[in-house]
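Scroll down for the structure; my scribbles are underneath it.
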Amino acid sequence: MTGSEAVNSEMFSCDAARRRTLSYREGNLPSDEMERMRQHLRECPECSEESGPVYDLRRDLRAIKPLGPSPDVRMKLRISASREAARRRSRKNVADMWRTWYGDWKLWTDNLMRPLALPTAGGFASALVLFSAFASGLTVTTSPASRGDIPTGLYTEASVRSYLPLGLYDGDLMVELTIDDQGRVIDYTLPTLGAATPMALRRNIENHLLFTQFNPATSFGQPTGGKVRLWFRSSRIDVKG
Numbered sequence: 015m016t017g018s019e020a021v022n023s024e025m026f027s028c029d030a031a032r033r034r035t036l037s038y039r040e041g042n043l044p045s046d047e048m049e050r051m052r053q054h055l056r057e058c059p060e061c062s063e064e065s066g067p068v069y070d071l072r073r074d075l076r077a078i079k080p081l082g083p084s085p086d087v088r089m090k091l092r093i094s095a096s097r098e099a100a101r102r103r104s105r106k107n108v109a110d111m112w113r114t115w116y117g118d119w120k121l122w123t124d125n126l127m128r129p130l131a132l133p134t135a136g137g138f139a140s141a142l143v144l145f146s147a148f149a150s151g152l153t154v155t156t157s158p159a160s161r162g163d164i165p166t167g168l169y170t171e172a173s174v175r176s177y178l179p180l181g182l183y184d185g186d187l188m189v190e191l192t193i194d195d196q197g198r199v200i201d202y203t204l205p206t207l208g209a210a211t212p213m214a215l216r217r218n219i220e221n222h223l224l225f226t227q228f229n230p231a232t233s234f235g236q237p238t239g240g241k242v243r244l245w246f247r248s249s250r251i252d253v254k255g
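Read in the working numbering, the sequence shown has 60 at position 46, and its numbers run on one by one without any break.
Printed below as a string of structure tokens:
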């Protein structure tokens, strides 16, 4: 039954009354329809009995508070947004593109040279010992550096400002972090574990990173993005740029 048919009739039918139950309960019907609804509900016990539970159900549904995203979802959204913002900033101008390229190149060279660092250092130490043994008469005089000297450089790596020593992992674990120019984590990888990383461990790492603050890398004295590696050991945390 349409609205015009209901108005022209002396009393609503049951179907028309059911369609207007919620509007009647909330007082949103015209005065003439309100009177006909009251008359219909007085004379129809079935419609009168059904109108109450329908209104109560709608009231209860309105009272339910919307659920917010979980901390895990918020962390993933924050990482995705920071990663996208960093990607857009890196393509904004030539200077940003250069800093991004330099950071990637430095990370690549670090990954290439660090496996060779220990054998090279051992060979150099052996050569130094042999040279000292054969050239015992050679002396070298050095002047101590001033305590007020401040090291200068074109680029400084990101570092950890503060962290909360929470329990994380039974063994040794390395986490490689990407830090933006504000000192915030925009991405992380687990080189020692690869892709098969338990979700519980990832959530534990992300919760730990929420309580860790970083100093951003600098290029020519200006904050920029960079990389930093954290070694979580059973008794301490080692930080490497």
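Ideal Cβ positions, reconstructed from N, Cα and C, are used throughout, including at glycine.
Check                                                                                                         : Outcome
Straight-line gap, Asp194 to Thr238 (C-alpha atoms, nearest Å)                                                : 6 Å
Whole-Å CB distance - Glu190 paired with Pro205, under 8 Å assumed                                            : 6 Å
Closest by C-alpha distance to Ser65, when choosing among Thr170, Arg39 and Glu49                             : Arg39
Pair within 8 Å by beta-carbon distance, Arg100 and Tyr169                                                    : In the sequence as displayed, the identity of residue 100 is Ala instead of Arg. No, the Cβ-Cβ distance between Ala100 and Tyr169 is not below 8 Å.
Integer-rounded CB distance, given that Val242 should sit under 8 Å from Ser173                               : 7 Å
Cβ neighbours of Cys28 in the same chain (closer than 6 Å, five flanking residues each side left out)         : Cys61
When Leu43, Ala31, Asn42 and Leu81 are compared against Glu57, the one with the closest alpha-carbon          : Ala31
Among Thr192, Val143 and Asp70, the one whose alpha carbon lies nearest that of Ile78                         : Asp70
Residue of Gln196, Leu187, Thr114 and Asn107 minimising C-alpha distance to Arg216                            : Leu187
Outcome for Met127 when other beta-carbon atoms lying within 10 angstroms are tallied against a minimum of 16 : exposed
Helix, strand or coil at Thr232 according to DSSP, with G and I counted as helix                              : strand
Tyr177 to Ser84 span [Cα, whole Å]                                                                            : 23 Å
Cα-Cα separation, Trp245 to Ile219                                                                            : 12 Å
Boundaries of the beta strand (DSSP E) in which Thr203 is found, first to last residue                        : Val199 to Thr203
Ser37 (DSSP reduced to helix, strand or coil)                                                                 : helix
CA-to-CA distance, Arg97 to Leu8, given in whole angstroms                                                    : The structure shown does not extend to residue 8, since the chain is modelled only from 15 to 255, so the question has no answer here.
Rounded separation between Asn107 and Leu36 - CA only                                                         : 59 Å
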